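Asker:
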Amino acid sequence: NNLPCGNIDSIITSPPYEEAQSGGGIAQKGYQGPKHSPPDLVGKRSYMPENIGDAEGNIGNLKSDSYLEAMLQVYQQCFKVLKPEGGLLILVTKNFIRNKQVVRLDEDTVKLCEQAGFKFIERHYRKLPAQSFWRIIYHQKHPEVEQIEHEDILVFQRSETER
């Protein structure tokens, strides 16, 4: 409700990851994100508190269907604030491991964004420079489990004909 509808050119973001607080997703324990905005962004985005993992209502603390339902609402709101023709939504997602299986957050994200009215345009891959400490430890315990070596950059466009 803070942004005017149909007035934003593009949104570039990365969704919270399911079970992030418990370490069940890829946002591992101990990571608190940036503590300060880079100088060139000061005044262009709000301050991020040191630890938002425990915050009530943090979507990253939800699981399975509750998480997907909450993210659908986020993408629906993104759709509302983007310009009617040509507004871009760019999402950086990374699949994660649960119960020794890869959870395809990229596929879930494409389905949710299309359900919200976006048209899927393209996908790019970014090779991860290294595995996180927690991923390395997990792989040592379970070497049979596939390693996730890239993140997806998903590009969507708002189009009134898609809605």
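Per our numbering, the sequence shown starts with residue 1467, numbered consecutively. By construction, the Cβ of each residue, glycine as well, lies at the ideal position given by its N, Cα and C atoms. From a predicted model like this one, the values you see are computed outputs, not experimental measurements.
1. Is the CB-CB distance between glycine 1553 and isoleucine 1478 below 9 Å?
2. Would glutamine 1595 pass as a contact of methionine 1537 if the rule is Cβ separation under 9 Å?
3. For the beta strand (DSSP E) that histidine 1616 lies in, which residues bound it at each end?
4. Does DSSP put valine 1576 in a helix, in a strand, or in coil?
5. Within 10 Å of its beta-carbon, does leucine 1571 have 16 or more other beta-carbons around it, so buried, or fewer, so exposed?
6. What is the DSSP secondary structure of histidine 1608, reduced to helix, strand or coil?
7. Do you know how far the Cα of arginine 1601 is from the Cα of arginine 1564?
8. Return the first residue and the last residue of the beta strand (DSSP E) that glutamine 1567 is part of.
9. Does DSSP classify serine 1476 as helix, strand or coil?
10. To the nearest angstrom, how far is the alpha carbon of lysine 1607 from that of phenylalanine 1599?
11. Comparing C-alpha positions only, which one of Phe1622, His1605 and Val1621 sits nearest to glutamate 1615?
12. Opposite leucine 1548 in the DSSP bridges: which residues?
13. Please go through the same chain and pick out, in chain order, the residues whose beta-carbon is closer than 6 Å to the beta-carbon of glutamate 1612, but skip the five residues on each side of it.
14. Report the three-state DSSP secondary structure of leucine 1557 (helix, strand or coil).
Answerer: According to the structure shown:
1. Along the sequence shown, read from residue 1 onward, the residue named residue 1553 stands at position 87. Along the sequence shown, read from residue 1 onward, the residue named residue 1478 stands at position 12. No. Outside cutoff.
2. Translated into the one-based positions of the sequence shown, residue 1595 becomes position 129. Translated into the one-based positions of the sequence shown, residue 1537 becomes position 71. Sequence inspection shows proline at residue 1595; the glutamine mentioned does not correspond to that position. No, these two residues do not count as a Cβ contact at 9 Å.
3. Residue 1616 sits at position 150 when you count from the first residue of the sequence shown. From DSSP, the beta strand (DSSP E) with histidine 1616 extends over 1616-1625.
4. Residue 1576 sits at position 110 when you count from the first residue of the sequence shown. Reduced to three states, the DSSP call for valine 1576 is helix.
5. The count along the sequence shown starts at 1 and reaches residue 1571 at position 105. Its Cβ being crowded by 16 or more others within 10 Å, leucine 1571 is buried.
6. In the sequence shown, counting from the first residue as 1, residue 1608 sits at position 142. Reduced to three states, the DSSP call for histidine 1608 is coil.
7. As a position in the sequence shown, residue 1564 is number 98, starting the count at 1. As a position in the sequence shown, residue 1601 is number 135, starting the count at 1. The alpha-carbon of arginine 1564 is positioned some 12 Å away from that of arginine 1601.
8. Numbered from 1 along the sequence shown, position 101 holds the residue referred to as residue 1567. Glutamine 1567 -> beta strand (DSSP E) spans 1567-1569.
9. Position 10 of the sequence shown, counted from the first residue, corresponds to residue 1476. Serine 1476 falls in the strand class under three-state DSSP.
10. Numbered from its first residue, the sequence shown carries residue 1607 at position 141. Numbered from its first residue, the sequence shown carries residue 1599 at position 133. Taking the straight line from one Cα to the other gives about 13 Å.
11. Counting from one through the sequence shown, the residue named residue 1615 turns up at place 149. Out of Phe1622, His1605 and Val1621, His1605 has the C-alpha closest to the C-alpha of glutamate 1615.
12. As a first step, residue 1548 is located in the sequence shown; it is residue number 82 there, counting from the start. In DSSP, leucine 1548 forms a bridge with Ile1474.
13. What you label residue 1612 is simply residue 146 of the sequence shown in a count that begins at 1. Excluding sequence neighbours, glutamate 1612 sits near Val1568.
14. For this step, residue 1557 is matched to residue 91 along the sequence shown. The answer is strand: DSSP assigns leucine 1557 an E or B state.
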